[in-house]
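Novice: Those sequence lines, one after another, are chains F and D. So the number in this note's numbering is just where the residue sits in the first sequence, counting from 1, plus 19. So the number in this note's numbering is just where the residue sits in the second sequence, counting from 1, plus 1081. Positions of the beta carbon are idealized from the N, C-alpha and C atoms, including for glycine. These numbers come from a predicted model, not from an experiment.
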Amino acid sequence: MIELEIIDLKKYFPVQKSFLERLLAREKQFIKAVDGISFKMFSRQVFSLVGESGCGKTTTGRLIVRLEKPDAGKIVFEGSDITFADEKQLRPLRRKIQIIFQDPYASLNPRMRIGEIIAEPLIVHSIADKKEAKEEALKMLENVGLTPPHMFYRLFPHQLSGGQRQRVAIARAMILKPKFIVADEPVSMIDVSLRAAILKLLMKFKTLYNLSILFITHDLAVARLISDTIAVMYLGKIVEIAPTEELIDNPLHPYTKALLSSVPSLIRRKREKLVLKGEIANPINPPSGCRLHPRCPYAESICSREEPKLIFYGNNHYVACHFPLVNRRY
Amino acid sequence: MNIGFELIRKMLAPWLKEASLMLKLGLAIVITIIALSITAPLLTQYSPIIKVGDALRPPSTKHLMGTNNLGYDMFSRILYGGRTVLTVVVSATLLSMCIGVPLGLISGYYGRIVDRIFSIIMDSMYAFPSLILALAIAAVLGPSMVNAIIAIAVVYIPTYFRMVRGQTLSIKSLLYVEAAKAIGARDLRIIIKHILPNLLPTIIVVFTMNIADAILTEAGLSFLGFSVPPPTPDWGADLRAGHEYLLAGYWWLVAFPGFMIMLLAAGFALVGEGLNDILSLRGAEKR
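#1: By the 10 Å Cβ neighbour count, where 16 or more other Cβ atoms means buried, how is I25(F) classified, buried or exposed?
#2: Have a look at S212(F) and V206(F) and give me their C-alpha separation to the nearest angstrom.
#3: Along the region 1256-1276 of chain D, what residues have a CB closer than 9 Å to any CB found in chain F?
#4: Give a yes or no on whether 9 Å exceeds the smallest Cβ distance from N128(F) to chain D.
#5: Assign L39(F) to buried or exposed, taking buried as 16 or more other Cβ atoms, counted over all protein chains shown, within 10 Å of its Cβ.
#6: Can you have a look at V1309(D) and say buried or exposed, based on whether 16 or more other CB atoms are within 10 angstroms of its CB?
#7: Enumerate in chain order the residues of its own chain whose CB-to-CB distance from L1216(D) is below 7 Å, with the five nearest sequence positions on each side excluded.
#8: With the cut-off set at 9 Å, would you say S1188(D) and R1246(D) are in Cβ contact?
#9: Just checking my contact of I257(F) with V34(F) at CB under 8 Å: how many whole Å lie between their CB atoms?
#10: Would you identify the three-state DSSP class for A1208(D), choosing helix, strand or coil?
#11: Starting from the beta carbon of E139(F), find every residue of chain D whose beta carbon is closer than 9 Å, and list them in chain order.
#12: Would you be able to state if there are at least three C-beta pairs under 8 Å between the region 1170-1187 of chain D and the region 1230-1247 of chain D?
#13: Tell me which residues of the region 1333-1360 of chain D have at least one Cβ-Cβ distance to chain F shorter than 8 Å, keeping chain order.
#14: At what residues does the alpha helix (DSSP H) containing I1130(D) begin and finish?
#15: Taking 8 Å as the limit between beta carbons, can you name the residues of its chain near K1274(D), skipping five residues before and five after?
#16: Helix, strand or coil: which one does DSSP assign to T1125(D)?
#17: Taking the straight line between their C-alpha atoms, what separation do you get for S1254(D) and K107(F)?
#18: Would you mind sorting S180(F) into buried or exposed? The rule is 16 or more other CB atoms within 10 Å of its CB.
#19: Pick helix, strand or coil for Y253(F), following the three-state DSSP scheme.
#20: Any idea what DSSP makes of E71(F), helix, strand or coil?
#21: What in chain D is Cβ-close to Q185(F), meaning under 7 Å?
#22: Taking Cβ-Cβ distances shorter than 7 Å, what residues in chain F pair up with P1373(D)?
#23: With distance defined between alpha-carbon atoms, name the residue in A1300(D), F1349(D) and N1357(D) nearest to G1339(D).
#24: Cα-Cα, which of L1151(D), G1152(D) and L1123(D) is closest to Y1161(D)?
#25: Listing by chain order, which chain D residues have their CB less than 9 Å from the CB of V163(F)?
#26: Going by the C-beta, is P1312(D) closer than 8 Å to any heavy atom of the ligand PLP?
#27: Whole angstroms is fine: what's the gap from A52(F)'s alpha carbon to M252(F)'s?
#28: How big is the Cα-Cα spacing for R324(F) and P306(F)?
#29: So V163(F) packs on L271(F), CB below 8 Å; how close in whole Å?
#30: For the alpha helix (DSSP H) that E151(F) lies in, which residues bound it at each end?
#31: What's the call for A1322(D), buried or exposed, on a 16-neighbour Cβ count within 10 Å?
#32: Would you identify the three-state DSSP class for D1319(D), choosing helix, strand or coil?
#33: With a 10 Å radius around its C-beta and 16 neighbouring C-beta atoms as the bar for buried, classify F61(F) as buried or exposed.
#34: Which chain D residues sit within Cβ distance under 8 Å of I118(F)?
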């Protein structure tokens, strides 16, 4: 069953200018954070969005939980169009769609106790009165491994470590028993030794509540570990979507291949490495045609003229490239 | 009595440990003056508004601060005057806080047109020198204690408004406010539960600093005769009554009220600065 469908979603941010620049301005400039992406997510799946910082993956997540207003396109959740829903229409939806932020140091109100933070969603949606909410919060604390719950209930965020804070953020998102979670790099700011535990916790809730998870990360190794499908983004576009194993074994897009080459591994791999030259381009003025062409070793003249479309290559594998690595596979 | 004191000392202990000399000194001054004003009837046998002896007597054991041109006891006028000053100043700053803070929250949180309108009104008020504005309002309303409170309160609304608006603007883009939005919290809840508590330390600091400033404004108002009408004891009014006699050598008519005004303002300013150190340090620690 399709849980979430994104169709040609766009979000441009206007570039802030000084007064003088505005006087002399020729035209408004925009950062094309998300520039027409489409994908489908099936229920109970983990779908990973992978890409460098600045490629628009976080903006995509924020658009889906509607912390950001899309400029164009469609977001369809469980069959209903939520693209331009207002706050009032969004309220019932907020019970079903939750987000876990990257930075656990900033996502918890420093002046609220841990217990209040976790119980707040129940109170906001008038699901429980104060006493019931407290009991639920205590149960949830135990569920996320913050024991003894009675002690943690009374603490303030600054008394907790990063990993513990992220557990609190997960508890807050899960207490409403949502159906869909946007996890925006939930482990990237956490000590490496604790990452696995946090991921495990997330997966525990996935089976417990039959969750679908949109997992946003820059780390292909993490994405590989937990996701069913991986989509690779570059400069506001999706360049490749495929089931996890397929994408890892048969990357068709040069960018995906380059990302895979950059994952360090203890086992010496036979696969040849692909290293891109240069830096990610400026999203205000993205390159014409295929956005990767200035950096791509296989680029030819058509790449700078025509933008490649996402094309089906069998095996649930889609790629947006004029010269996919399919011929170089063997 | 002793147990109560011990209890207060224990409650304040964690604060006092962090407190700088500045804060301790400021608190000592402020608490002493408040205590003196409250216990005035116990400390002096004279009424501040009745002729109790010869006019213009210098300080003596009978009249600790001498008597004024009407034969009133200056010491009782100073003590009871503290009541007037504190009442006017504290109620005025509380009033302007209660108006300025909500307006600043609304303006900062909602932005757009609401913000534009409030900001223009507040900025034009802020553009006036505070004493001139207070004078104009007091002159229109006429001299009385309530009118003095209103006049001073109006003057300080923009101070709260601007500070709260600015802080709200920065706090509302923080991740925990977004998280509250994501769980479906309504605007009112976000403002009261997530933004306001994080503003409180700043509001407290601005409040104490504001009192210090308002003391001077109140003194200015009453010096010019726009605050409480005579013969109500008031330091600014005494200053005015006494300044005509200064050249003739009757220094105690102006020296004591003037000193008290300065001392109380300095006391509150010190408390404000001291609190600022503690509260901003605490914030830094949490980061």
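Specialist: Well, looking at it:
#1: buried
#2: 10 Å
#3: L1256, Y1257, V1258, E1259, A1260, A1261, K1262, A1263, I1264, G1265, A1266, R1267, D1268, R1270, K1274 and H1275
#4: yes
#5: exposed
#6: buried
#7: L1302, L1305 and F1307
#8: yes
#9: Rounded, the Cβ-Cβ distance is 24 Å, inconsistent with contact.
#10: helix
#11: A1261, I1264, A1266, R1270 and K1274
#12: yes
#13: none
#14: I1130(D) -> no alpha helix (DSSP H), and no H or E assigned at all.
#15: A1261 and A1266
#16: coil
#17: 21 Å
#18: exposed
#19: strand
#20: coil
#21: Per Cβ cutoff of 7 Å: no residues; Q185(F) is ~12 Å from chain D at best.
#22: Residue 1373(D) is absent from the model: chain D starts at 1082 and stops at 1368.
#23: A1300(D)
#24: L1123(D)
#25: None at all; the shortest Cβ gap to chain D is about 16 Å.
#26: Because no ligand of any kind appears in the structure shown, any question about the ligand PLP cannot be addressed here.
#27: 11 Å
#28: 10 Å
#29: With 8 Å as the limit, V163(F) and L271(F) do not qualify as a contact, their Cβ atoms being about 39 Å apart.
#30: K149 to N162
#31: buried
#32: helix
#33: exposed
#34: A1260 and A1263
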